[in-house]
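For the record, in the sequence shown the residue sitting at position 155 is 313 according to the working numbering, with numbers rising by one throughout.
Below is one structure, written out as structure tokens; the observations come after it.
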Amino acid sequence: MIEEALRKRLRPIVNRRKRLLLALRLSAYWLVSVLLGAGLIGANWLWGFKSPVANWALCILTVLATLYALYKSRRMQPDYKAVARQIERQNPDIHALLLAAIEQEPELPDGQFGYLQERVIGEAVRHAMKHDWLRSISTKKLLLAEIGGAVTLSLIITMLLQLLPSAPFLFKTDENVLAKRGYNITVSPGDTNVEAGTPVVILARFNGRVPSKASLLYGASGKKLRHMNLDRNLDDPVFGGIIQEVNSNLLYYIEYADQRTRDYKISVYEQPALTRADAKIIFPSYTKLPEKVIKDTRQVSVVEGSQVILTFILNKAVATAKLVPKDGPSLGLTVGSEHPNVYTTSITAVENRRYELHLADAQGLRNEIPQRFVIDVHKNLPPELKTVFPNRDVVASSIEELSLEAEVSDDYSVTGYGLSYALAGGQIEDITLGSSLVLTEKQPIQHLLALEELSVQPDQLLTYYFWADDFGPDGRVRRTSSDMYFAEIRPFEEIFTESQSSQSQQNQNQNQQDRRQGGQLAQLQKQIISATWNIKRQAEQSGGIDDQKEDLGVVHESQADVLEQARSASAQAEDPAEAKTLQEAARHMETSLEHLGGALESASEQELTPALAAEQSAYQELLKLRQREHQVGQTRSANASNTPRSARSQQQLQQLELAQRENRYETERLAQSQEQTAQREDLQVLNRLRDLARRQNDMSNKLKDVQAVLREAQTEQQKQEIRRELKRLREEQLEALRDVDELQQRMDSPENRRRMADAAERLGQSRSGIRQSAEELEQENVSNAITSTTRAQRQLEQMRDEFRSRTSGQFTEQMRNMREQARQLDERQKELAEEIQQQIDAEQKTLTDSGASRELADRADRQKEGVENLLDQMKDVSEQSEASEPLLSRKLYDTLRNTSSDNLDRALDVTSELLRRNFLPQAQEMEQRAGRGIEEMRKGVEDAAESVLGDEAESLRLARDQLDELIRQVDEEAARAGGQARQDGEPNRPGGSTANQRQLTDARSRTGRGQGQDGDPNGPADRQANQPRAEGVPPSDRGQDARDTMRPGDRTGGVRADPTGGGDNQGGQWDQFDPNGPLTGRDFRQWSDGLRDVEEMLSEPDLRNDVARVRDRARAIRAEFKRHGTEPQWDLVVQQITHPLAELRNRIGEELAKLQSDEAMVPIDRDPVPGRYAELVRRYYENLGGDE
159 MIEEALRKRL
169 RPIVNRRKRL
179 LLALRLSAYW
189 LVSVLLGAGL
199 IGANWLWGFK
209 SPVANWALCI
219 LTVLATLYAL
229 YKSRRMQPDY
239 KAVARQIERQ
249 NPDIHALLLA
259 AIEQEPELPD
269 GQFGYLQERV
279 IGEAVRHAMK
289 HDWLRSISTK
299 KLLLAEIGGA
309 VTLSLIITML
319 LQLLPSAPFL
329 FKTDENVLAK
339 RGYNITVSPG
349 DTNVEAGTPV
359 VILARFNGRV
369 PSKASLLYGA
379 SGKKLRHMNL
389 DRNLDDPVFG
399 GIIQEVNSNL
409 LYYIEYADQR
419 TRDYKISVYE
429 QPALTRADAK
439 IIFPSYTKLP
449 EKVIKDTRQV
459 SVVEGSQVIL
469 TFILNKAVAT
479 AKLVPKDGPS
489 LGLTVGSEHP
499 NVYTTSITAV
509 ENRRYELHLA
519 DAQGLRNEIP
529 QRFVIDVHKN
539 LPPELKTVFP
549 NRDVVASSIE
559 ELSLEAEVSD
569 DYSVTGYGLS
579 YALAGGQIED
589 ITLGSSLVLT
599 EKQPIQHLLA
609 LEELSVQPDQ
619 LLTYYFWADD
629 FGPDGRVRRT
639 SSDMYFAEIR
649 PFEEIFTESQ
659 SSQSQQNQNQ
669 NQQDRRQGGQ
679 LAQLQKQIIS
689 ATWNIKRQAE
699 QSGGIDDQKE
709 DLGVVHESQA
719 DVLEQARSAS
729 AQAEDPAEAK
739 TLQEAARHME
749 TSLEHLGGAL
759 ESASEQELTP
769 ALAAEQSAYQ
779 ELLKLRQREH
789 QVGQTRSANA
799 SNTPRSARSQ
809 QQLQQLELAQ
819 RENRYETERL
829 AQSQEQTAQR
839 EDLQVLNRLR
849 DLARRQNDMS
859 NKLKDVQAVL
869 REAQTEQQKQ
879 EIRRELKRLR
889 EEQLEALRDV
899 DELQQRMDSP
909 ENRRRMADAA
919 ERLGQSRSGI
929 RQSAEELEQE
939 NVSNAITSTT
949 RAQRQLEQMR
959 DEFRSRTSGQ
969 FTEQMRNMRE
979 QARQLDERQK
989 ELAEEIQQQI
999 DAEQKTLTDS
1009 GASRELADRA
1019 DRQKEGVENL
1029 LDQMKDVSEQ
1039 SEASEPLLSR
1049 KLYDTLRNTS
1059 SDNLDRALDV
1069 TSELLRRNFL
1079 PQAQEMEQRA
1089 GRGIEEMRKG
1099 VEDAAESVLG
1109 DEAESLRLAR
1119 DQLDELIRQV
1129 DEEAARAGGQ
1139 ARQDGEPNRP
1149 GGSTANQRQL
1159 TDARSRTGRG
1169 QGQDGDPNGP
1179 ADRQANQPRA
1189 EGVPPSDRGQ
1199 DARDTMRPGD
1209 RTGGVRADPT
1219 GGGDNQGGQW
1229 DQFDPNGPLT
1239 GRDFRQWSDG
1249 LRDVEEMLSE
1259 PDLRNDVARV
1269 RDRARAIRAE
1279 FKRHGTEPQW
1289 DLVVQQITHP
1299 LAELRNRIGE
1309 ELAKLQSDEA
1319 MVPIDRDPVP
1329 GRYAELVRRY
1339 YENLGGDE
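Dropping the structure here:
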């Protein structure tokens, strides 16, 4: 037993140890309760699990554990030995003294300790007096244990309050007040009417007492109700939720605190809307085209006179439905006999028309944004006749055979074509050379006219022209004639003698002077014949002479003037035969004058036929004044006659027998304008095909993602979200369908129809695939939609590749790839040189092989492989282009020869070997040789590529100017709309419209100088060889010689004008916004075409992608405007369109600066700012000049 004195010293320590153990035990028990309570609360939040039994069990278990811990602490016997060990560990100098003292038992009979025992106990007591044994139980440890217990106790009390019903004794004051009051709830929107398909927000507002939760139950009457927990924002006494889409009448109520509201009703109404519009086209019989049905369309392209039957499928039956044109009376729609929501109308297409569909139901509801429909009417143009040889007047002998050649083409078919000729004053003879021919390509016309069989005589006039018959818009046969050509019959022999002296030369000049007046009269009379013939042709095509009265008056005055000159010449003539000839010519002129005057008075084209015959007879009489003998001699005088007759004599003297081939070259040169126009149309079609193919590829990927999400969707909310996504994707497909219709309309235009007939048919197949995918999306059949979209994508990609090969030259793609490879090789070689220099500067030479040197050696080997591959391509292209592109072949050959002489491959090989052996200085020297060789090879390839791709700098310059104009148009529209236009002080803001237009014009004129314009003294071959056009620049259109193209009336070249007078065929109300704006007006198509032109001008893929990205954003803004009819957010337009275009313009300017000069100062470190940091960078620069 322990002596009492020692027990006194140990008792505080024992009590302190008991407190520590109790605190630790309670903390552990309460911590386990906290974890269990957290598990119950988490299960309630995550899975809605809530069990009052489990909650009460946790509460009871916690109380029992606490009581058990207290009981165990009270019943605990003091363990002095454990305390002694603890003290001895804290005080090592006591050794085993304290433990020995505690273990002592009385040895004497009276219960007393022996001497030695008392000595040991006394030593222990004295040690306790000198030392603080209480420190053996750490105060810090005891404090932490008690704090932990308090924390866990607070946590368990809080959780139990959450799990168990609210304790009334905690809220005595509030409960006494609220117990006397009920819940005051206001439900919004209550009973209401909403449009079908719109979301509805349900709000439950409590005034005063607020329940812990509230739920929404809703559904159709008589069906199972759906449950939705309403959300509460912090302490706001409002619970809210949203019904994403309401498509039918619903009942709903709110549940809260074991109570519920009354039933509220949501009544659904549908505004009349168009579900689908189909068009059936019945072409005129003369086109021999079958009926065509286009489903789900908003615009159709038809031939003049076609019958268009429009079928409108609405979402419900309506009271009134009509098509309202922009001008003119409205068209009523006929309701279908079987389906009350199907309406039809029939329209005979005569001219371009734009209609809006206006609907109204019995309740007076109207469609807010009327759908717009466009009927693009292509005129039934007359056949096109083009004289091939000889495309000029000729002088022939009476025994010659004239070889006459022409080409005829028509939109659809001709009923006949041939040649007509007549002698002056005689009957017109028609020769039919073909009949009932469906023309898909130009049809050659050839005929050999034997003059000997016509018994023509010298000084007679033979006129001829080609003609073709087809069906006009009225269904009757119409005839189209070419220009009239003259064949003057010369004497069988004409005498050319050499003059013997200067005196004889003067006599010859005097004789020519005497007859020059007669030649001038003949030339004037010839012009009158041509003018009368053109007026007659135009009057036959237009159906009257009223539009040509002014021109006819000018011809009448000219004929009267020539008559006066003929009479004057007849009075002054010394030769009686010459005077008689002039009098006879004057008599025919008088007859012509009478008929021309009659045509003016009666406005009858019938008078022009005898007038034309009389004019020809007068011209034939004037031909008799020609000389039969000519004296010629060499003279130093430059005074030569410029009359056509003297020119023909000069031709006869020089015996020019190659006129036919030269004329064909001339015809080819004059046809370049048409080829350039066709090339620009092909580029526009190619760009649209590329865009459509890309969008279908993106659509296919999106549908695959949706299909994967759909498989994993389990809750109804997830499925609803997928349905909304499918609806949005269907709208994208319908928008693509509209773009396909627009492209189809472009392909069906007169200037493209013949060239793109096959492509238009295949585009129709792609359209069917897109439409089918939209229908599958409507039915939520994702797998079939993916199949249809993928099929349409492949068809569009195939068409895209074909148009790409059509628009690019034979070696365009190869040279573009070779140029890019050469630039990459040069760039990698410079990087290799920098790496070698860094290795030398590091001075890390070792006796062992270096890993960095081996890596550089491998890169040198790859450079060698790239050089060899590029050289092989250069060799192949040089050999293939030797015949068709000699300039390209020569430049590539020179580059190959220079590269071979520089031993470029050997230099790279040696560089690699030296790097592997870690001879860095020597490797650097060989690398420099290789770098110079690669740089020269790059320059050679770029020079060769320029001969077929054009000047890249000129393309960039024109693209930059075009971007200036596009930015200006958007800025002006934003300013007119009152939006936030770009600030005047913004860097790189394009200038005013005048300056920009002037820059654009200058750039185009600079480009045009390399494309062979009329009046260029060089031939087309020289011009193409020495002045290549700018890469990707659409060639400018030029006029067409009226002599070569014999189609009456004007033909519009270049970009086809919008038939409706605007850029886009879809939109909101008539002229509701700026009619000339690129985003909200009629100029969207032209503005978008301008972006497509910029894209085709650029060769850098990143720049092209940026242009396409901006065009997609503009199309999205345009679609949003058309869908809702609301003004765009102009600050968003500036952020998504104007700013990216300005940044793109700056990048093009930097690329242009790099190309213009190697010494040009170019901004460094100007990589594009990543999108997520763009806003921060903008704010940073804005704050640079601030006060802070």
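No residue lacks a Cβ here, since even glycine has one placed at the ideal position from N, Cα and C.
For clarity, every value in this text was computed on a predicted model and none was experimentally measured.
Cβ shell of residue i (< 7 Å), same chain only, five flanking positions each side left out
i: Gln-465; result: Ile-440, Ser-504 and Thr-506
i: Leu-1342; result: none
i: Lys-877; result: Ala-871
i: Glu-1093; result: Asp-984
i: Thr-445; result: Val-461 and Tyr-570
i: Ser-185; result: Ala-303, Gly-306, Gly-307 and Thr-310
i: Gln-723; result: Leu-679
i: Gly-355; result: Glu-403 and Asn-405
i: Arg-177; result: Leu-300
Whole-angstrom C-beta distance between residue j and residue i, which should lie under 8 Å
i: Asn-538; j: Glu-462; result: 5 Å
i: Arg-512; j: Arg-530; result: 6 Å
i: Ala-608; j: Glu-559; result: 5 Å
i: Arg-434; j: Val-532; result: Arg-434 to Val-532, Cβ: 17 Å. No contact.
i: Ala-697; j: Gln-706; result: 6 Å
i: Leu-374; j: Leu-361; result: Actually they do not touch by this definition, with Cβ atoms about 10 Å apart.
i: Cys-217; j: Leu-301; result: That pair is no contact at about 29 Å.
i: Asp-1356; j: Arg-636; result: With the chain represented from 159 up to 1346, any question about residue 1356 goes unanswered, as that position is not in the structure.
Cβ shell of residue i (< 6 Å), same chain only, five flanking positions each side left out
i: Ala-582; result: Leu-619, Gln-774, Ser-775 and Gln-778
i: Gly-494; result: Val-500
i: Gly-1349; result: What is shown of the chain runs 159 to 1346, which leaves residue 1349 out entirely.
i: Arg-1303; result: Arg-1118 and Leu-1121
i: Leu-606; result: Glu-559 and Ser-561
i: Glu-736; result: none
i: Ser-1070; result: Ala-1015, Ala-1018 and Asp-1019
i: Asn-365; result: Asn-342
Among the options, the one whose alpha carbon lies nearest that of residue i
i: Ser-716; options: Val-396, Asn-1304, Gly-755 and Pro-1236; result: Gly-755
i: Arg-648; options: Leu-1121, Asn-692, Ile-557 and Trp-214; result: Ile-557
i: Gly-702; options: Asp-568, Asp-1122, Leu-758 and Leu-311; result: Leu-758
i: Tyr-410; options: Val-358, Asn-975, Tyr-427 and Asp-534; result: Val-358
i: Arg-1012; options: Ala-1081, Val-1025, Ser-1113 and Gln-937; result: Ala-1081
i: Asp-906; options: Arg-174, His-536 and Glu-1040; result: His-536
i: Arg-881; options: Gln-937, Thr-469 and Gln-837; result: Gln-937
In DSSP terms, what residue i is bridged to
i: Trp-691; result: Paired residues: none, contrary to the question.
i: Leu-408; result: Ile-424
i: Ala-435; result: Phe-470
i: Gln-647; result: In the sequence as displayed, the identity of residue 647 is Ile instead of Gln. Its beta-bridge partners are Ala-554.
i: His-1350; result: In this structure the chain extends from 159 to 1346, so residue 1350 is not present and cannot be described.
i: Ser-346; result: Leu-361
i: Asp-627; result: Gly-574 and Arg-637
8 Å CB neighbourhood of residue i in its chain, flanking five on each side removed
i: Lys-1003; result: Reliability fails at Lys-1003, whose pLDDT of 49 lies under 50, so the model's placement of it is uncertain and the value that follows must be treated cautiously. These residues qualify, in order along the chain: Asn-1076 and Leu-1078.
Residue-level contact to chain C via CB, residue i, 7 Å cutoff
i: Ser-858; result: Going by chain labels, chain C is absent from the structure shown, which holds only one protein chain.
Heavy atom of the ligand GTP within 6 Å of residue i beta-carbon
i: Gln-1244; result: This structure lacks the ligand GTP, and indeed carries no ligand of any kind.
Handout entry: Length at least 3, wholly inside the region 518-600: the beta strand (DSSP E) runs in chain order
Key = Within the region 518-600, the complete beta strand (DSSP E) runs of at least 3 residues are 529-536, 542-547, 552-554, 559-567, 571-581 and 587-596.
* Which ranges does the alpha helix (DSSP H) cover as unbroken runs of at least 4 residues, wholly within the region 1076-1136, from first to last along the chain? -> Runs of alpha helix (DSSP H) with 4 or more residues, each lying fully within the region 1076-1136, are found at 1078-1107 and 1110-1134, listed in chain order.
Could I get the ranges of all uninterrupted alpha helix (DSSP H) runs contained in the region 1032-1071, with 4 residues as the minimum, in chain order?
With a minimum length of 4 residues, the unbroken runs of alpha helix (DSSP H) contained wholly in the region 1032-1071 fall at 1044-1059.
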